[in-house]
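> Numbering (mature numbering (1 follows the signal peptide of the UniProt record, and there is no 0)), first residue to last: -17 to -1, 1 to 311.
#1: Judging by CA-CA distance, which residue of 42, 177, 175 and 203 is the nearest neighbour of residue 188?
#2: Here's a check: name, in chain order, each residue in its chain whose Cβ is nearer than 6 Å to the Cβ of residue 194, leaving out the five neighbours to either side.
#3: By the DSSP assignment, the alpha helix (DSSP H) with residue 201 in it spans what residues?
#4: In whole angstroms, what separates the C-alpha of residue 186 from that of residue 26?
#5: Output needed for residue 197: all residues of its chain with C-beta closer than 8 Å, excluding positions within five of it in sequence on either side, in chain order.
#6: Where does residue 173 land, buried or exposed, given buried means 16+ other C-beta within 10 angstroms?
#7: What residue does the alpha helix (DSSP H) around residue 195 start on, and which one ends it?
#8: I'd like the span of the alpha helix (DSSP H) that includes residue 212, first residue to last.
#9: Less than 6 Å between C-beta atoms, sequence neighbours within five positions excluded: which residues of the same chain meet that for residue 263?
#10: Under 7 Å, do residue 225 and residue 205 count as touching if we go by C-beta distance?
#11: In three-state DSSP terms, what is residue 33?
#12: Just to confirm, does residue 208 get its C-beta within under 6 Å of one of the non-hydrogen atoms of the ligand NAD?
#13: Identify whether residue 189 lies in helix, strand or coil by the three-state DSSP scheme.
#14: So, with DSSP's three-state summary, where would you put residue 22?
#15: Are at least three pairs of beta-carbons, each pair with one atom in the region 8 to 19 and one in the region 157 to 174, less than 8 Å apart?
#16: Beta carbon of residue 257, beta carbon of residue 218: below 7 Å?
#17: Contact defined as beta carbons within less than 8 Å: I believe residue 246 pairs with residue 184. What is the distance between those atoms, to the nearest angstrom?
#18: Please state if the CB of residue 260 and the CB of residue 200 are separated by a distance shorter than 7 Å.
#19: Rounded to whole angstroms, what's the CA-CA distance from residue 325 to residue 157? Just pull it up for me.
#20: Tell me, please, whether the CB atom of residue 12 is closer than 7 Å to any CB atom in chain C?
#21: Residue 266: which of 249, 210 and 292 sits nearest, CA to CA?
#22: Just the C-alpha distance for residue 212 and residue 269, rounded to the nearest angstrom, thanks.
#23: Spatial neighbours of residue 177 within its chain, please: CB distance less than 6 Å, with the 5 preceding and 5 following residues excluded, ordered by chain position.
#24: Using a Cβ-Cβ cutoff of less than 8 Å, which residues in the same chain neighbour residue 230 once the five nearest sequence positions on both sides are dropped?
#25: Would you mind sorting residue 35 into buried or exposed? The rule is 16 or more other CB atoms within 10 Å of its CB.
#26: In or out: residue 164 buried (at least 16 other Cβ within 10 Å) or exposed?
#27: Just mark residue 313 as buried or exposed, buried being the case when its beta carbon has 16 or more other beta carbons within 10 Å.
#28: Compute the Euclidean distance between the alpha carbons of residue 37 and residue 28, then round it to the nearest angstrom.
The structure is reproduced here in structure tokens:
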């Protein structure tokens, strides 16, 4: 309960946790830093506790089946189930169905096209005195008066073009269904992951049954922890500052519940501050062992020196993205 970095690091690790050698080296260095700061006993005991709780929660919670892994169903059936969940189809959202066309032969033997009334709807709006029935005879009369040497309207070619358009429309519908299916699968995975994390945090005593942060309990347990006095003082200060920051009403209510956002923000803030406290403790020890004793130099204010190093590193990290802060 005192090391939120371990919670976030372990819970966020999964199949993508060790994608490269760099990730492995980074994780090893971070774990070594916590071992040096907290001691092997506390570090290993805490990691083991989180690991066991994570496994227990993952077995207790029911797995939400993914629509892409359902057996005994064809891809078309799975796509249909996706659109049924939305209650809409792609054509209802993005496109208008093409007008129905039928062909027949006029009295002069020329093929004519009978258009769907929706094509003439714009003409009706432009000329309110004319109706669909009044326009159609004029339309077909013009077709009947076409001279024989003029190439007639090829209804078969138009029908073939319509079929090609229908195929393209089906491709668009399939792509839209695949997109929606992917989003629904991701939503299910996120929900399953959040349920697992919530179970672990509740078992650790970080949150209560309502998902609210148990700040007083966290602070009390940190005060009783077997930590170096200076590190414990920095940890408690980090808890107080992060609690004040995450208590601001700056969360977006429709993205997720306010409790989840506040807990995750508090954990991330505390993780960074506690990590800095351990780095500061390690840097102080390094300066005392390698500079003060070996060179005889005396560092007046180690805290000010470490804070200045941290500030320089933060500004250096922003150097590459400084333009993004002022320009779109």
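We put the beta carbon where it would ideally sit given N, CA and C, even for glycine. As the structure is a prediction and not an experimental result, all values here were calculated from the model.
Answer, in terms of the structure:
#1: 203
#2: 242
#3: 198 to 207
#4: 18 Å
#5: 188, 189, 190 and 191
#6: exposed
#7: No alpha helix (DSSP H) holds residue 195; DSSP gives it neither H nor E.
#8: 212 to 229
#9: 289
#10: no
#11: helix
#12: No copy of the ligand NAD occurs in the structure displayed, which carries no ligand at all.
#13: coil
#14: coil
#15: no
#16: yes
#17: 7 Å
#18: no
#19: As displayed, the chain neither begins before -17 nor continues past 311, which places residue 325 out of reach and without an answer.
#20: Reference to chain C is not applicable here, since this structure consists of a single protein chain.
#21: 292
#22: 18 Å
#23: none
#24: 245
#25: exposed
#26: buried
#27: The structure shown does not extend to residue 313, since the chain is modelled only from -17 to 311, so the question has no answer here.
#28: 14 Å
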